[in-house]
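This report refers to the structure that appears directly beneath it.
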Amino acid sequence: MESFAQRRRRDLIVAFVLAALAACAPFVIKDVYVQNIMVLTLMYAALSQAWNILGGYCGQISLGHALYFGLGAYTTTLLFTKFGVLPWFGMLGGGTISALIAMALGYPTFRLRGHYFVIATIVIAEIGLLLFHNWDWAGAALGIDIPVRGDSWLRFQFTRSKLPFFYFALVFCCVAWLITWWLEDSKWGYWWRAVKDNPDAAESLGVVVFNSKMGAAAVSAFLTAIGGAFYAQFVSYIDPESVMSFQFSLLMALPAVLGGIGTLWGPVLGAVILIPLTELTRSFIGGSGRGVDLILYGTVIVLISLARPEGLIGLFSRKRKEVSR
Amino acid sequence: MTTATIIQSLASGLLMGLLYGLIAVGLALIFGLMDVTNFAHGEFLMLAMYISFFLFAFFAIDPLLAAPLVAAAMFVFGAVIYLVVVRFAMRAKTNIGMVQIFTTFGLAILMRGLAQYFFTPDYRSITQSWLGGKTISLGGVFLPVPQLVGALVSIAAFGALYFFIKKTDFGRALEATREDAGAVALVGIDKNKVFALGWGLGGALVGLAGAIMAMFFYIYPDVGASFALIAYVTVALGGFGSVFGAFAGGIIVGLVEASTALLLPPSLKSVGIYAVYLLVVFIRPRGLFGSI
Amino acid sequence: MTINRRNVVLGGAAVAALLPLAARAQTSEVVIGVIYPLSGASAQIGVDAQKAFATAAELINEKHDFDLPLARGEGLPGLGGAKVRLVFADHQADPQKGRAEAERLITQEKVCAIVGTYQSSVAVTVSQICERYSIPFISADNSSPSLHRRGLKFYFRAAPHDEMFSTAMFDFFDAQKKKGQKIETLALFHEDTIFGTDSSNAQLKLAADRGYKVVADIKYRANSPSLTAEVQQLKAADADVLMPSSYTTDGILLIKTMGELGYKAKNIVAQDAGFSEKALYDAVGDKIPGVISRGSFSLDLAAKRPMVGKINDMYKAKSGKDFNDYSSRQFMGLIVMADAINRAKSTDGDKIREALVATDMPGEQTIMPWARVKFDEMGQNNFADPVLLQYNGGKFVTIAPPQAAVAEAIWPMP
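Chains as they are written, first to last, in the working numbering: chain L, 1 to 325; chain A, 326 to 617; chain W, 618 to 1031.
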C-alpha cells in the first residue's frame, strides 16, 4: 500500500506532467475551434475544481454557483466599461465581492441539510439573476458589449488568437488544482474527512468545522468569480442569461460528479470528457434541428451516473489498487 | 390598488397555488418514500401534457375525460422509469444524493431531446375543450373554470392520497418502507415493488396535473422548465416527505406569487416566492411540516 | 390545431434534400453559414428557419422564372454557376456558443458569409467574430436597434429594426386619430429580454414624442407559469391600445389569461414575435379577431407580385406553414447575401462586403413590401418599410402604411 505522502507526491508529479503536455498542445493543435473547446474544457475543469472544494470535500452541494460566476463577470465588465478599471483588477474585485457574499450566505444556509440546502442555493442564484435582469445601470436584459480594441494583455483582449486565453485558463486550472491539493492535506481537509467518516465527530468539531466551511465557501466563490471574469473577457459580451443562468451552476457541478465528487482528479477528468462531448454533439449533430444532440448528451449523463456512481475516477483507482496489491 | 384587485389576486393565487400543489405532490411522495428528488419532474409534466394533447388531437378525447387515462399512462411511465433507471442509481454506495440528482437531470435532458425529436419543437395547445376558456364571475372576481376544476382535483387528490397512505395496506407498506427499508425486507415486502409503485403513483399525480394544465397552457418540449423550480420550492417549503406539506406549500407559493406581483414589478414576482422559502428554512430548517 | 405529421416527415425530407446537393456540388460551390437555435426553448424558430433558407437556396441553385435576384439561372453566374451550399449550426440561444459556432464555420467549414441568428444577444457575439475574420454577416431577423450602431464594418441588416417597426405603429395611431378615433392611452406589455426591452424603450420614446400617455408599462419574466397578476394590471389600466412584445408562449398565455379574467382589450397592436406565429393563432386566434401586428412580410403582396405566392407555396411544401415575419426575413437574408457574393464574383470577405455596400435591389425584386434594399454606412437598410397586418377571418390583411395597404383597418377591434 502506498502511503498518503507518497500518493500526494505522485499526484503532484502527474499534475506537472499533464500541465506541461497541455501547455505544448497548441503547438500541435492549431485549429481555433478545437482550441476554443480546450479553453472551455480547462475553464470548466477549474470551475468544477472550485465547486468541488465546497460541494465535494465539504459536502455542501451547491447548485447556485452561477451567482458567483455572474458576479465575477459583471464586476469586471462594469468596472471596465463604466470606470475604465483594467480587467485584472476587476477580476480580483469580483473575486473578493463573491467571497464576501458567499460567507454572508453561508452563515444562514450551512445549517440547512441535503435538499433544503441545494434548493436554497438554487433560489439565491435565481434571485441574483432576476435582479440583474432588472438592473438598468448594469445593462439589464440588454447585457454589456465589451468594446474590443485590438490585442492587449493589459486589457486582456485578443481578437483572433485563442492562445492567451488558453494559457490563462491553463494557469487558472493549475491554481485551482493546487489549492485543492493543498487543502487535502490541511487541517481543514482532515476535519472534513473526519466529519464525512463519522457524523458524531461533527458534533464535537461543530464550530471549527463551520468556520472551515465558511473558508471553503469563500475560496470556492473567489475562484468561480475569477472564472466568470475570464469568461466575460473571452466572450466579450455578457447578459444575465449567459453568465448567471442555472445551466452554469449545473455545468460547474457536473464534471466533478461525473469524474468523481470529492476527489482531486474527478473534476479534471469529468471536464475533459463532458465539455468536448457537449460541444461536439452540438456542432456536428445539433445542426439537424431534431434534438439528437440533447438525446445523446442526456443518455451519456444517465449512463455514466448509473454505471460509475462513484465517478469515472473509479476506473483508475481500481486499477491502482490492484497494482499496489 | 382597489379591494377588488386584491381579492382577485388572492383568488387567482389560491387557484394557481392548488395547482402548484398538485404538480408538486408527486415529487413530495417520491422524496418521502426514498429520499430521491426527481429532477426530471418538469419533464414528467411535459410528457403528461403531450399525452393529453395527443389524446385530444387523434381521438378527440376531452382533457377532462382523458385525465384518468393520462394518469394511468403516467403511472406506468413512472414505474418503468424507476425500474429501468432510478433503481440502478440507488445502488451507489457513496454520494447517493448527487448520483440521483444527475441521473434524473440526465433523464430530463434526454426526455426533452426525445420530445423535440418525436413531437417537433412546435407549440401546441388544445383549442376546443369543454372547460377551456370558460370563466365564472362572482361579484367582479373572475375564476377560470379549468383552474377551478384543477383546484378541486387537487383537493380531491390530496384527500385521496391521505386516505390511501393512512388506511390501505399498500399505503401502510409505503409508509413502513419509508421509515425503515431494511426492516421491511425482513417481513417480506419487496422494496423494489413498493418503490416502483411509489414512482407510479408520483407519475399518476403529475399526470392529473398535466391533463388539467393542457386545458389552458401551451405545450412544447421545454414547458416543464417553467414549473420545475416552483415544484421543488413548493415541496421544500412544505417540508420534504410531507404530503400535506406539498399541499400547504403550493397554496403559500400561489398566494405569495400573487401578492408579490401587487407590490413589486411583475418581472420580480418569483423573488417573493424565493425569499419566503429562504425565510422559512432559516427559521425552520426542515420546512413547515418536514419530518426528516 | 391539427397535429401535422407531415411536418415531421417533411422536416426530415428538407434536411435530406440538402445532402445530395452537398455531394454533387463539390467542384464549385459557395458555402454560407447559417446560425440558429436548433435545440432548446426556441428550437421551433430555428427549425422553421432551416426550411426558409433551404427554400432560398433552392431558388438560387435551380432555375425558376421569378423576378428575384439569382432565381432565373442555376447557381451564381458571377462565380461560373457555383451552387450555394448552406451549413447550419446550432447556438442554443447562448452567445458563447454562437461565437464558437461562427468561428468553427469560418475556420473549418470555410464559409464566406454568415446569416443569423434570431436572438439578438447571439447576433452581438456572432457579428463580433465575423468582424474579426472579415466575413460579412447579415442579421436576417434580429430587430434590436443597438446592433447596427456598434461601428462594425461587416454587419448588415436588410430588414427593419424595432424603432422602425414602432414608428410604423405610431404613424398608424396618428392617422387613426386624424380620422377622429380616440387613442390617448397605451399599455406596454413586454418580456424581460433584449427584444422586450428594446421594443418598449422605442415605444416609450415615441409615445412621449407624440403625446400618448403610457398608463401601464409591464415587464414580465419570459415563459412565466402564470400571467394573472400582469393581466390584472393591464385590465385595471384598460388602455386604448394594448401593445404586447411577447413570444409565442407568453402571447398564448396572455390572450388566454385575458379571457379568463374577463378583460377584453380595446385594441391590440403587437410587436410581431409571437403574434406572427401560426401556433398562436391556432391556439387563441378566435379570441382576438382584429388584432394588429407589425410585420415585414405580407401575403397580400401575392396579388400584386405573383411570385410571392409561388415562393410561399415552395416554403409551405417544406414546412407546412405560410411565410411569416421571421421566415420571410430569413429568406431575404440569404437572397441579399447570395446576390452580393454573385456581384463580388469572389468568396473573399472584403470583396463581398464591397458588393454588399453597393447593393441596390429594387423592392419589386424581393418578396417584401420594401422600397428597396440599400444599406447605409452602418449597414442598416432604411428602405425596409414595415407593414401593419390585421388578423381577420383567419388571415392577415395589410392595413398600413397606405402605399402597401389593401384594406382599411377595422378600428376599434371588433
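All C-beta atoms, glycine included, are put in the ideal place defined by N, C-alpha and C. Just so it is clear, the structure is predicted and the values come from calculations on it, not from any experiment.
CB of residue i within 8 angstroms of CB of residue j, strictly
i      : j      : result
W:V858 : W:V831 : no
W:Q982 : W:D682 : no
A:V466 : A:I331 : no
L:H115 : A:S592 : no
A:V581 : A:L589 : no
L:Q60  : L:F156 : no
W:P712 : L:Y297 : no
W:D917 : W:V990 : no
L:G259 : W:L655 : no
L:A102 : L:Y68  : yes
W:D815 : W:D779 : yes
L:G128 : L:M244 : yes
A:P393 : A:A539 : no
W:A669 : W:F948 : yes
Own chain partners of residue i with C-beta closer than 6 angstroms, once the 5 adjacent residues on each side are dropped
i      : result
W:F773 : I755, L973, F992 and G996
A:A414 : V424, Q425 and T428
W:Y560 : Because chain W spans 618 through 1031 in this model, residue 560 of chain W falls outside it and cannot be assessed.
L:C173 : L42, A45 and A46
W:Y829 : L803
W:A896 : T865
Short CB-CB distance (under 8 angstroms) between residue i and chain D
i      : result
W:K714 : The structure shown contains no chain D; its protein chains are L, A and W.
Cβ-based neighbour list, residue i, same chain, cut-off 7 angstroms, excluding 5 preceding and 5 following
i      : result
W:A630 : Any answer about W:A630 is weak, because its pLDDT of 43 lies below 50 and its placement is not dependable; what the coordinates show is given next. Excluding sequence neighbours, W:A630 sits near nothing in its chain.
L:L326 : The requested residue 326 of chain L is not part of the displayed model; chain L covers only 1 to 325.
W:R641 : Residue confidence is low: W:R641 scores 41 on pLDDT, short of 50, so the model does not pin down where it sits. Its coordinate-derived value is still stated next. Closer than 7 angstroms at the Cβ level, and outside the excluded window around W:R641, lies no residue.
W:T619 : For W:T619, the predicted model reports a pLDDT of 40, less than 50, meaning its position is unreliable; a value from the coordinates is still stated below. Answer for W:T619: no residue qualifies.
L:K162 : V32, Q35, N36 and V39
W:G697 : S645
A:F520 : L358, M359 and Y407
Interface partners of residue i on chain W, CB under 8 angstroms
i      : result
A:T460 : G876, E877, L878 and G879
A:L587 : A846
L:D293 : S656 and D707
L:T159 : R749
Proximal residues of chain L, C-beta to C-beta of residue i below 7 angstroms
i      : result
W:V741 : D145 and Y237
A:V581 : In chain order: nothing, as chain L lies at least about 12 angstroms away.
A:Y557 : I119
A:R449 : Within 7 angstroms Cβ-Cβ: nothing; A:R449 doesn't reach chain L, min ~16 angstroms.
Same chain, Cβ closer than 8 angstroms to residue i, five either side skipped, listed in chain order
i       : result
W:A1026 : F789, Q793, I909, L1005, Q1007, I1016 and A1017
W:I723  : G650, I731, I746, C747, Y750 and I752
L:G227  : M43, A46, L47, A50, F69, G72 and F172
Partners in chain A for residue i, counting only beta-carbon separations shorter than 7 angstroms
i      : result
L:S305 : A414, V424, F427, T428 and G431
W:I835 : P591
L:T240 : Thr is not the amino acid found at residue 240 of chain L; the sequence shown has Pro there. Within chain A, no residue comes near L:P240; the closest Cβ sits about 12 angstroms away, beyond 7 angstroms.
Bridge partner(s) assigned by DSSP for residue i
i       : result
W:K830  : W:T802
W:G733  : W:I652 and W:S756
W:Q745  : Answer is none; W:Q745 lacks a bridge partner.
A:I544  : A:R449
W:A1017 : W:L1005
L:Q157  : L:S152
W:H807  : W:K836 and W:S862
Beta-carbon neighbours of residue i, restricted to chain W and to distances below 7 angstroms
i      : result
A:Y543 : T866, I869, L870 and A900
Proximal chain L residues relative to residue i, where beta-carbon distance stays under 9 angstroms
i      : result
A:T327 : Ordered by position in chain L, no residue passes the 9 angstroms Cβ test against A:T327, which lies about 26 angstroms from the chain.
Heavy atom of the ligand MG within 7 angstroms of residue i beta-carbon
i      : result
L:T299 : This structure lacks the ligand MG; in fact it carries no ligand of any kind.
Per-residue contacts from residue i into chain W (C-beta, under 9 angstroms)
i      : result
A:M341 : P842, S843 and T845
Contacts that residue i makes with chain A (C-beta to C-beta distance below 9 angstroms)
i      : result
W:A896 : D447, Y448, R449, S450, Y543 and Y545
Chain A contact residues for residue i, given Cβ-Cβ distances below 8 angstroms
i      : result
L:N134 : P590, S592 and L593
Per-residue contacts from residue i into chain L (C-beta, under 8 angstroms)
i      : result
W:S738 : G143, Y237, D239, E241 and S242
### Task
Pick out the complete beta strand (DSSP E) segments inside the segment 909 to 989 of chain W, 3 residues or longer, and give them in chain order.
909 to 912
### Task
Note down, one range per segment and in chain order, each alpha helix (DSSP H) of at least 4 residues found wholly within the segment 654 to 713 of chain W.
660 to 678
### Task
Would you list, in sequence order, the uninterrupted beta strand (DSSP E) runs of no fewer than 3 residues that lie entirely inside the segment 833 to 898 of chain W?
858 to 862
### Query
Quick one: complete alpha helix (DSSP H) runs, 4+ long, within the segment 351 to 439 of chain A?
366 to 384 and 388 to 406
### Message
Ignoring anything shorter than 4 residues, give me the alpha helix (DSSP H) runs that lie fully in the segment 250 to 280 of chain L, in order along the chain.
### Response
none
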